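Protein chains in written order, with the numbering used here: chain A, 1 to 499; chain B, 1001 to 1068; chain C, 2001 to 2068; chain D, 3001 to 3068; chain E, 4001 to 4068; chain F, 5001 to 5068; chain G, 6001 to 6068.
Where a beta carbon is used, it is the ideal one built from N, C-alpha and C, also for glycine.
Values in this document were obtained by computation on a predicted structure and should not be read as measured data.
Written below as structure tokens is the structure these notes are about.
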Amino acid sequence: MEFNNGRLSRQPFLLYLYAGLDTQHYITLSQLAATIQGTIRNAFTGYSAWVVADITSHSFYPAKGYHYFDLVEKDTRSHQLTAKISATAWGNGSMRIREFESVTGQRFSNDMQVLVKVAVEYHPVYGLKLSLLDIDPSFTIGMLEQQKQATLQRLLTECGDIVRKTPEGYITFNKQLSLSPVIQRIAVISSASSAGYQDFMHTLEANAYRYTFHADNYFAAVQGEANAAQVCAQFDAIAASGKSYDTVVIIRGGGAQTDLLLFDQYILGKAVAGFPVPVITGIGHLKNETITDMLAHTATKTPTRAAELIIAHNRTFEESLLSVQKHIIIRMQQMLSGRQQQLAALHAGIVNHSRDILSVSVEGLARCRQMIPQGARHLLLKQRSAMAQLSGQVLVKPGQVTAARIQELSHIKKDIQLYARKLMQQQQQQLQHHETVIKIMSPQSLLQKGFAMVYHNGAIMTGSSQLQAGDKITVRMTDADVHATINSKTINDGNEPNI
Amino acid sequence: METNLTYEAAFKELQQIAREIETESVSVDVLAAKVKRASELIAFCQTRLRATATEVENIIQQMEDKSL
Amino acid sequence: METNLTYEAAFKELQQIAREIETESVSVDVLAAKVKRASELIAFCQTRLRATATEVENIIQQMEDKSL
Amino acid sequence: METNLTYEAAFKELQQIAREIETESVSVDVLAAKVKRASELIAFCQTRLRATATEVENIIQQMEDKSL
Amino acid sequence: METNLTYEAAFKELQQIAREIETESVSVDVLAAKVKRASELIAFCQTRLRATATEVENIIQQMEDKSL
Amino acid sequence: METNLTYEAAFKELQQIAREIETESVSVDVLAAKVKRASELIAFCQTRLRATATEVENIIQQMEDKSL
Amino acid sequence: METNLTYEAAFKELQQIAREIETESVSVDVLAAKVKRASELIAFCQTRLRATATEVENIIQQMEDKSL
Chain A
1 MEFNNGRLSR QPFLLYLYAG LDTQHYITLS QLAATIQGTI RNAFTGYSAW VVADITSHSF
61 YPAKGYHYFD LVEKDTRSHQ LTAKISATAW GNGSMRIREF ESVTGQRFSN DMQVLVKVAV
121 EYHPVYGLKL SLLDIDPSFT IGMLEQQKQA TLQRLLTECG DIVRKTPEGY ITFNKQLSLS
181 PVIQRIAVIS SASSAGYQDF MHTLEANAYR YTFHADNYFA AVQGEANAAQ VCAQFDAIAA
241 SGKSYDTVVI IRGGGAQTDL LLFDQYILGK AVAGFPVPVI TGIGHLKNET ITDMLAHTAT
301 KTPTRAAELI IAHNRTFEES LLSVQKHIII RMQQMLSGRQ QQLAALHAGI VNHSRDILSV
361 SVEGLARCRQ MIPQGARHLL LKQRSAMAQL SGQVLVKPGQ VTAARIQELS HIKKDIQLYA
421 RKLMQQQQQQ LQHHETVIKI MSPQSLLQKG FAMVYHNGAI MTGSSQLQAG DKITVRMTDA
481 DVHATINSKT INDGNEPNI
Chain B
1001 METNLTYEAA FKELQQIARE IETESVSVDV LAAKVKRASE LIAFCQTRLR ATATEVENII
1061 QQMEDKSL
Chain C
2001 METNLTYEAA FKELQQIARE IETESVSVDV LAAKVKRASE LIAFCQTRLR ATATEVENII
2061 QQMEDKSL
Chain D
3001 METNLTYEAA FKELQQIARE IETESVSVDV LAAKVKRASE LIAFCQTRLR ATATEVENII
3061 QQMEDKSL
Chain E
4001 METNLTYEAA FKELQQIARE IETESVSVDV LAAKVKRASE LIAFCQTRLR ATATEVENII
4061 QQMEDKSL
Chain F
5001 METNLTYEAA FKELQQIARE IETESVSVDV LAAKVKRASE LIAFCQTRLR ATATEVENII
5061 QQMEDKSL
Chain G
6001 METNLTYEAA FKELQQIARE IETESVSVDV LAAKVKRASE LIAFCQTRLR ATATEVENII
6061 QQMEDKSL
């Protein structure tokens, strides 16, 4: 506004210069301006272009929704301006900017490189202006994302000891710290006046469970990139306090949801990732999470959420406490009743088995009682029957023996009689046989059969060799001896039939 | 009967006698003596058993009275 | 009963007696004594259990009072 | 009869005699003597058996009386 | 109660007690004591959750006096 | 007849004589004597047998009388 | 006839003579003598045989008389 006023104040001075030289040979500025306006209008009517440029000298009138700013281009090396055109956005353009801010989570402001669609306009009073028709949020997001990735890459490269990347996300030293079971001592980094701080403290103090908290404030401006160092200084202050905090909470109070670049700063990322106390964030944005969120122990969306998380964390602890208590009570009662049952079972077992032992003993004894008389009687009975059998044998057999012997004796007697008689008969027969043979062969019986015996000189002749003709012989016959003289001798040729 | 005779020993002896009589390995000469011994052992065991049973039942009764 | 007998020791002894009686490895001679000992141990254990239960109940009561 | 003759010994001798007579390995000369011996042994054994039976019955009677 | 007892330590001890009771490795003899200890640990944690820094100091002081 | 002749010996001799006569190994000279001897032996044996039988009968009678 | 001639010897001699005569190994000059001897022996044997037979029959008679 002041600047514009300055420009406007110089115009009467120029008019004065030209008027003094030649009134015939001039046209009014308005005429010139009209000519320029006509030319530009002729050249640019219906023309628009997508332009990449940086924003400077931005001012915003929320009441009207007007944005005034310059679009500039700098030499990438020298950073000298190579182009600069003023620009405005209102109406549709202003609406697009609001959408852009909502989508990117980034306020439309100085030093931001944007891709904008502009129309060229000329106004006799306000000069050449670019009118913003549209702005591409994805270009800016891409740019921011590039920056963010570069920062993350730098963190990974330069702070490898505290930041690592895994498929699941970033792992930091801080993330790996374990939260105390109960969070009570809290270091709060926030700006003192912010609504977020109020929300956080109120939520903590008004908790339904009456948990008490001990919060120490470490105030710092938590907006604007340049304040990253201030925030880092508070981390150092917390570390230097010597107090053992359960957590450090970074909260950023309500209001605009943009301007998160501070939390994408390398130094803050490094401070958070390497901080020895778990860091909880409640930065108050809904979209992309910042590098601080990514590297902190736990990230929540808002300060209230951060407080709720802490309360819930403590509640979880108390609940597990109560659950363990309940468990102990239940198990202990079970155990006691189990013991009672065990005892009862043992009691019953002892009683039953004692009775069993006694009844088994009684039975065993009864069995012996029954068995022994029975067995003794049986044994005696068996002995008696064995005796009876033996005495029977002894009684009967001798009679049989003597009877058999008598029989035997009579047999032998008969045999002797029989064979003695037989022997006598045989002898008799043999004797008779011999008698017969001898009778038959006696000379007396031969002579009776007609045979005769020849004697010569008193000897019996059995052949004719000693007899000659003229020899006197005696022939004995059965009834007399006949004396004869041999007349002749004829030798027998043996043709006589042999007797 | 021996003063320090136990039920256990008595019952074992009794069983031994019963087994001998059952298997007829007892001669007639000692049968009467064995049976006599057995009757003594049975008497001893019964006395002992009855005493124990009474005692045990009393204890059990007391236990049940207590636990009521 | 021994002064420094613990529930645990008493229970173990009781189990041992129960096991012996169950397997009938207790002779009639010592049965009454064993049952007597068992009854004492059971009484002891029950007293102990009841005392513990009461004590525990008190603690639970206190805890509940506190948590209200 | 021998004074210290046992039933067992007598019975064995009797069995021996019975076996001898049965197998006719006893000569007529000693048969009468053997039979005489056998008769004596039988008498002895029977006496003994009867005595034992009576004694055993008495003991059994006493046992039964006692248990009533 | 120990001055430097932390929630962490208290909870661990509590879990230990729970585990022991669960596995019945706590004898009846010490059961009441264990439960008492558990109740104290829970009371300690709960009080401490709600107490101010000064109050916590007092609790610890009282517990120490008691344990003496 | 010999005084100490046994039945057994007599019977054996008798069997011998019978066998000799049967096999005709006795000469006529001694036949009469042999037969005479046999008759004597038979007489002896018979006497002996009858005596034994009577004796045995008596013993048995006595036993039966006794056992009645 | 010889006084101490036995039936056995006489019979053997008779058999010898009979065999000689039967085989015709006796010449007629000694035949008469042999036949004479034989007839004497036969007479002796027969006498003896008859005497023995009578004697044996008597003994047998006696045996049977006795056994009656």
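May I ask you to report which of helix, strand or coil DSSP gives residue i?
i, result
"Asp134 (chain A)", "strand"
"Met143 (chain A)", "helix"
"Ala484 (chain A)", "strand"
"Phe69 (chain A)", "strand"
"Asp216 (chain A)", "strand"
"His434 (chain A)", "helix"
"Asp415 (chain A)", "helix"
"Ile183 (chain A)", "coil"
"Gly470 (chain A)", "coil"
"Leu409 (chain A)", "helix"
"Ala119 (chain A)", "strand"
"Asn207 (chain A)", "coil"
"Ile491 (chain A)", "coil"
"Val188 (chain A)", "strand"
"Phe60 (chain A)", "strand"
"Ile517 (chain A)", "With chain A covering 1 to 499 only, the question about residue 517 (chain A) has no answer from this structure."
"His27 (chain A)", "According to the sequence as given, residue 27 (chain A) is Ile; it is not His. DSSP places Ile27 (chain A) in coil when its eight states are reduced to three."
To the nearest angstrom, how far is it from the Cα of residue i to the Cα of residue j?
i, j, result
"Thr4054 (chain E)", "Leu262 (chain A)", "38 Å"
"Asp471 (chain A)", "Val482 (chain A)", "14 Å"
"Asp54 (chain A)", "Lys84 (chain A)", "9 Å"
"Ala3038 (chain D)", "Val394 (chain A)", "7 Å"
"Val2030 (chain C)", "Glu363 (chain A)", "19 Å"
"Leu3049 (chain D)", "Arg384 (chain A)", "7 Å"
"Gln426 (chain A)", "Gln417 (chain A)", "14 Å"
"Gln257 (chain A)", "Lys301 (chain A)", "Note that Gln257 (chain A) scores 48 on pLDDT, short of 50, meaning its location in the model is unreliable and no value can be drawn from it."
"Ser57 (chain A)", "Ala119 (chain A)", "19 Å"
"Ile406 (chain A)", "Val1026 (chain B)", "44 Å"
Between the options, which lies nearest to residue i when the distance is taken from Cα to Cα?
i, options, result
"Gln389 (chain A)", "D:Cys3045, D:Glu3064, D:Thr3052 and D:Met3063", "D:Cys3045"
"Ile3042 (chain D)", "A:Tyr266, A:Ala233 and A:Ala386", "A:Ala386"
"Ala348 (chain A)", "C:Tyr2007, C:Arg2050, C:Leu2014 and C:Ala2051", "C:Leu2014"
"Gln1062 (chain B)", "C:Glu2040, C:Val2056 and C:Gln2061", "C:Glu2040"
"Ser337 (chain A)", "C:Ser2025, C:Glu2002 and C:Val2056", "C:Val2056"
"Lys6034 (chain G)", "A:Met477, A:Ile440 and A:Asp415", "A:Ile440"
"Arg377 (chain A)", "B:Asp1065, B:Asn1004 and B:Glu1022", "B:Glu1022"
"Ala271 (chain A)", "A:Arg210, A:Phe173 and A:Asp356", "A:Phe173"
"Pro137 (chain A)", "A:Val103, A:Gln149 and A:Ile162", "A:Val103"
"Ala150 (chain A)", "A:Gly105, A:Glu168, A:Ile280 and A:Tyr266", "A:Tyr266"
Under 9 Å between beta-carbons, which chain A residues line up against residue i? List them in chain order, please.
i, result
"Gln6015 (chain G)", "Gln430 and His434"
"Ala6033 (chain G)", "Within 9 Å Cβ-Cβ: nothing; Ala6033 (chain G) doesn't reach chain A, min ~10 Å."
In chain A, which residues lie less than 7 Å from residue i when you measure between Cβ atoms?
i, result
"Gln2046 (chain C)", "Leu343"
"Leu2005 (chain C)", "Those do not exist, as Leu2005 (chain C) stays about 15 Å from chain A at its closest Cβ, beyond 7 Å."
Who are the neighbours of residue i on chain G, taking C-beta pairs under 8 Å?
i, result
"Val437 (chain A)", "Ala6018, Ile6021 and Glu6022"
Interface residues of chain A around residue i at Cβ under 8 Å?
i, result
"Thr2052 (chain C)", "Leu336"
"Glu4008 (chain E)", "Ser180 and Pro181"
Mind checking who residue i pairs with in its DSSP beta bridge?
i, result
"Met453 (chain A)", "A:Arg476"
"Arg2037 (chain C)", "Arg2037 (chain C) is not bridged to any residue."
"Arg164 (chain A)", "A:Ile171"
"Gln113 (chain A)", "A:Asp54"
"Gly282 (chain A)", "A:Ile251 and A:Thr300"
"Ala83 (chain A)", "A:Glu73"
List the residues of chain F whose Cβ lies closer than 8 Å to the Cβ of residue i, in chain order.
i, result
"Gln427 (chain A)", "Val5028"
Using the beta-carbon of each residue, which ones in chain C are nearer than 9 Å to residue i?
i, result
"Glu1040 (chain B)", "Here the premise fails: no neighbours, minimum Cβ distance about 17 Å."
Output, in chain order, the set of chain D residues within a Cβ distance shorter than 8 Å of residue i.
i, result
"Lys382 (chain A)", "Residues of chain D passing the Cβ test: none, with the nearest at roughly 11 Å."
Along chain C, in chain order, which residues have C-beta atoms closer than 8 Å to that of residue i?
i, result
"His327 (chain A)", "Correct list: empty, because the minimum Cβ distance to chain C is about 13 Å."
Which residues in chain D sit within 7 Å of residue i, going by Cβ to Cβ distance?
i, result
"Glu5055 (chain F)", "Ala3032"
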